[in-house]
Amino acid sequence: MTQLTTAASIGRLVRDARKQRGLTQHELASLLSTSQSAIHRIESGNQNLSLEMINRIAQALESPLIVPGGRNAMNLSITGETALHGSITTRSSKNAAVALLCASLLNRGRTRLRGIAHIEEVNRLIEVLQSIGVQVTWSSDEADLTIVRPEVLDLANMDVSAARRTRSIIMFLGPLMHLADSFRLPYAGGCQLGARTVEPHMQALHAFGLDVIATEGYYNATALHSHPQHTIVLTERGDTVTENALMAAAMTPGETVLRNASPNYMVQDLCVFLMMLGVEIEGIGTTTLRIKGQAELNKDVTYTISEDPIEAMSLITAAVVTHSELTITRAPIEFLEIELAILHEMGLRFSIGQEYRSGNDFTRLVDITVKPSQLHAHEDKIHPMPFPGLNIDNLPFFAVIAATADGQTLIHDWVYENRAIHLLELTKLGANVQLLDPHRLNVIGPTAWRARDMVSPPALRPAVCILLAMLAARGESVLRDVYVINRGYEDLPTRLNNLGAEITQFFG
Ligand SMILES: CC(=O)N[C@H]1[C@@H](OP(=O)(O)OP(=O)(O)OC[C@H]2O[C@@H](n3ccc(=O)[nH]c3=O)[C@H](O)[C@@H]2O)O[C@H](CO)[C@@H](O)[C@@H]1O
Ligand SMILES: C=C(OP(=O)(O)O)C(=O)O
C-alpha cells in the first residue's frame, strides 16, 4: 500500500489499477457515477482528489494500491551517513522462486525448494497455492519449502486478492492448462511500472492449445486439446513468457522447439528444475530451447534456488553510494558481467575471486569485493537488454551510481513505460536527475545526499534505490511503506545493519 502524494502519481495509479481490472474509462466512470472525461482528467493528473474520492476509486477498482497511508505499513528510519564494511551473502532470487512455485504445480510428487527467500512475493504465491488445496510447508529451520499438489485442485476457491498482488500469477497458465479443462485467473498485478504485455503469453500458450479470453479483470482459459505446434516462436524474449511456454511444453509429449526464448537466470533455474523432474531440455542459456515433455511428472525432488543477480547488484550499489569496501559473496557472475564492465569503465575498483557453484550445481558464483572509488560518468547511454544484455532490473541502480559519479549520464529505460519516473524521487535526496521523456533520464553527479522523509515509490527497484541513497545521506531519513521492498528482498534492513548501517523499522 502506498501513501499518495501528487495528482500525477494518483492518476498513474488509477490508470494502472483500472487497466489491471480490465475496465475502460467509461466503465470506471459509470461505477463512480461520473463522466469519462472526469476519469480522463484524474488519470492525466489534472484533478485534485478528496480523500473520499480516492477511497471510492479504491473500492471500485478493488485495488489495495490506492489506499492513502496504510495504517500498519512497515516504515524505515535510516541514520546516515553510513560507512559499510564486511561481507554479505547474496540470497536466492525472487524471480526464480516464483517460477519454481508455479512449476511445482506440474509435479505429482513432492517438490522441496531449498533456500527459498522469505519475501512477500513468495508469501502471496504460497497463499494462492494453499487456497487451491496445495500443501505448502516450511521446514523447521524455515530454509526450505515443501509443496505437494493434490489430485484435484480447488480452483474456485483461489485467493484472488493475493493473486492480484503479483505479476507471477500469470505463470499459473502454463501448468494449469494440463490440470483443468477450463479455469480463470485474475489479471496479473505487481509493481506500478505501467502496462505490461500479456499478448506474448496468450500467443505462446495458444500454440499448445490454450485459449484465453481476457475480460473484466480475469483471464478465462480453456484447454482446447488440439494438437500442439512443434516449433513456437515467441514474439518477445520475455522471461515469464518463456517460463510459461516451458511449463506448457514440460507436460506436452514429444519435442517442442522454443525460439526467441529468454536465456535469463530464472529461466535457467526453471530448466534445471524441470530436468530433475524428467523433462529433457537442450539449449539452456541460449535463445533456442528443445524440450521433450512427459504426459506425467511425478518425482520427489529437492531443488536449490540460485542466487539473485539483482540483489548482488543492489549490494554493489550500496557499496558504491556509501564509498565503502564491501564483499558480496555468492554473486552469480554470468548475470553481472556487463554491469561490472560498465562499472569498471566508470572507474570502480573491485576484485573478483575464484568461481564456485551454487547449490543447484549449475550456476557459477564468485565473491566480489568493491573498493571505495571516485567514479566518472559513463560516456555512452546506459540501457538494458534481454539477457545477455545489462539486466532490465539492474538498470535503476545505475541512476544512483550515476548520481555519485562526476559528470552527466544518460539512462535509457526503454522497457517500462512508468519506471524511470519513479527515479525522479532521487531529487528529493539532493540528486540532479532530469526526466527527458518517460524513458530517458539525465543524471548529473556527484551528489551531496541529504536526508528526507519520503514514501516508497510503488516499484521495487526504484524503492531500493531510494533506500540505498538514504544510507549515504547525512541525518535521519524516513522511508515509509516498504512493502514493495519486502516483496523482493529478505530482511534487507537487518542485513544492511550487520554491515554497519543504522536502520530501524517502525509500523504505522
Ligand atoms: C517474475 C519475473 O520474472 N519478473 C521479471 C520478468 O517479468 P516479465 O517476464 O513478466 O516481464 P514482461 O513480460 O512484463 O516484460 C517487461 C517489459 O519488457 C518488454 N519486453 C520484454 C522482452 C522483449 O523482448 N521485448 C520487450 O519489449 C515487455 O513488453 C514488457 O513491457 O522480466 C522482466 C524483464 O526482465 C523483469 O523486470 C521482471 O523482474
Ligand atoms: C519488475 C520486477 O518484478 P515483477 O515482475 O515481479 O513485477 C522486478 O523484480 O524488478
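Quick note: to get the working numbering, add 649 to the position in the sequence shown (first position is 1).
Glycine included, every Cβ here is placed at the ideal spot set by N, Cα and C.
Residue i: first and last residue of the uninterrupted alpha helix (DSSP H) it sits in
{"i": "residue 949", "result": "Where residue 949 is concerned, there is no enclosing alpha helix (DSSP H), given that its DSSP letter is neither H nor E."}
{"i": "residue 888", "result": "888-899"}
{"i": "residue 1108", "result": "Run containing residue 1108: none; DSSP gives neither H nor E here."}
{"i": "residue 660", "result": "656-669"}
{"i": "residue 967", "result": "958-970"}
{"i": "residue 1046", "result": "1044-1053"}
{"i": "residue 918", "result": "914-925"}
{"i": "residue 752", "result": "743-752"}
{"i": "residue 1093", "result": "Element bounds for residue 1093: not the alpha helix (DSSP H) but the beta strand (DSSP E), 1089-1094."}
{"i": "residue 773", "result": "769-780"}
{"i": "residue 809", "result": "809-813"}
{"i": "residue 690", "result": "685-692"}
{"i": "residue 854", "result": "848-855"}
Proximal residues to residue i (C-beta, below 8 Å), its chain only, five neighbours per side dropped
{"i": "residue 1133", "result": "651, 840, 1105, 1106, 1107, 1108, 1109 and 1112"}
{"i": "residue 602", "result": "The displayed coordinates of the chain run from 650 to 1157. Any statement about residue 602 would go beyond what the structure contains."}
{"i": "residue 945", "result": "757 and 900"}
{"i": "residue 879", "result": "903, 904, 905 and 906"}
{"i": "residue 1036", "result": "911, 912, 913, 914 and 984"}
{"i": "residue 1079", "result": "1096, 1097, 1098, 1099 and 1122"}
{"i": "residue 698", "result": "656, 659, 691 and 706"}
{"i": "residue 1115", "result": "1074, 1075, 1078, 1103, 1105, 1106 and 1128"}
{"i": "residue 1050", "result": "966, 969, 970, 992, 995 and 1024"}
Contact under 7 Å by Cβ, residue i with residue j
{"i": "residue 770", "j": "residue 738", "result": "no"}
{"i": "residue 866", "j": "residue 671", "result": "yes"}
{"i": "residue 1067", "j": "residue 988", "result": "no"}
{"i": "residue 953", "j": "residue 1008", "result": "yes"}
{"i": "residue 971", "j": "residue 1120", "result": "yes"}
{"i": "residue 1019", "j": "residue 1052", "result": "no"}
{"i": "residue 1024", "j": "residue 733", "result": "no"}
{"i": "residue 727", "j": "residue 1152", "result": "yes"}
{"i": "residue 832", "j": "residue 870", "result": "yes"}
{"i": "residue 850", "j": "residue 893", "result": "yes"}
{"i": "residue 824", "j": "residue 896", "result": "yes"}
{"i": "residue 754", "j": "residue 798", "result": "yes"}
Selected residue, minimal CA-CA separation from residue i, among the options
{"i": "residue 1146", "options": "884, 783 and 729", "result": "729"}
{"i": "residue 1071", "options": "1048, 1057 and 925", "result": "1048"}
{"i": "residue 796", "options": "1052, 1058, 1041 and 947", "result": "947"}
{"i": "residue 1154", "options": "978, 721 and 1079", "result": "721"}
{"i": "residue 923", "options": "1030, 941 and 1128", "result": "941"}
{"i": "residue 873", "options": "855, 890 and 888", "result": "855"}
{"i": "residue 759", "options": "907, 1103, 708 and 925", "result": "925"}
{"i": "residue 1087", "options": "882, 1077, 1064 and 1076", "result": "1064"}
{"i": "residue 962", "options": "990, 1125 and 935", "result": "990"}
{"i": "residue 887", "options": "691, 1093, 1084 and 1040", "result": "1040"}
{"i": "residue 792", "options": "813, 812 and 761", "result": "761"}
{"i": "residue 986", "options": "974, 1017 and 968", "result": "1017"}
{"i": "residue 818", "options": "764, 828 and 752", "result": "752"}
{"i": "residue 960", "options": "1062, 1137 and 1031", "result": "1137"}
{"i": "residue 1103", "options": "685, 683, 723 and 835", "result": "723"}
{"i": "residue 774", "options": "799, 743 and 694", "result": "743"}
{"i": "residue 1001", "options": "858, 1141, 668 and 965", "result": "965"}
{"i": "residue 898", "options": "857, 799 and 679", "result": "857"}
{"i": "residue 1081", "options": "1062, 754 and 1058", "result": "1058"}
{"i": "residue 736", "options": "977, 1092 and 1045", "result": "977"}
{"i": "residue 1150", "options": "1028, 694 and 1124", "result": "1124"}
{"i": "residue 800", "options": "1117, 673 and 784", "result": "784"}
{"i": "residue 740", "options": "749, 997, 1033 and 979", "result": "979"}
{"i": "residue 747", "options": "794, 679, 829 and 694", "result": "794"}
{"i": "residue 1026", "options": "810, 939 and 1094", "result": "1094"}
Segment limits, beta strand (DSSP E) that includes residue i
{"i": "residue 1125", "result": "1124-1129"}
{"i": "residue 832", "result": "831-835"}
{"i": "residue 941", "result": "937-942"}
{"i": "residue 1014", "result": "1013-1020"}
{"i": "residue 981", "result": "974-981"}
{"i": "residue 931", "result": "929-931"}
{"i": "residue 1076", "result": "Taken as a continuous stretch (DSSP letters only), residue 1076 belongs to no beta strand (DSSP E), as it is neither H nor E."}
Cβ-based neighbour list, residue i, same chain, cut-off 6 Å, excluding 5 preceding and 5 following
{"i": "residue 772", "result": "none"}
{"i": "residue 1143", "result": "none"}
{"i": "residue 780", "result": "806, 807 and 808"}
{"i": "residue 685", "result": "674, 675 and 678"}
Neighbourhood of residue i by C-beta distance below 7 Å, restricted to the same chain and skipping five residues each side
{"i": "residue 852", "result": "884"}
{"i": "residue 1084", "result": "1069, 1070, 1073 and 1090"}
{"i": "residue 951", "result": "761 and 763"}
Got a list of residues with beta-carbon closer than 5 Å to any non-hydrogen atom of ligand 2, in chain order? 816, 839, 840, 1042, 1109 and 1110
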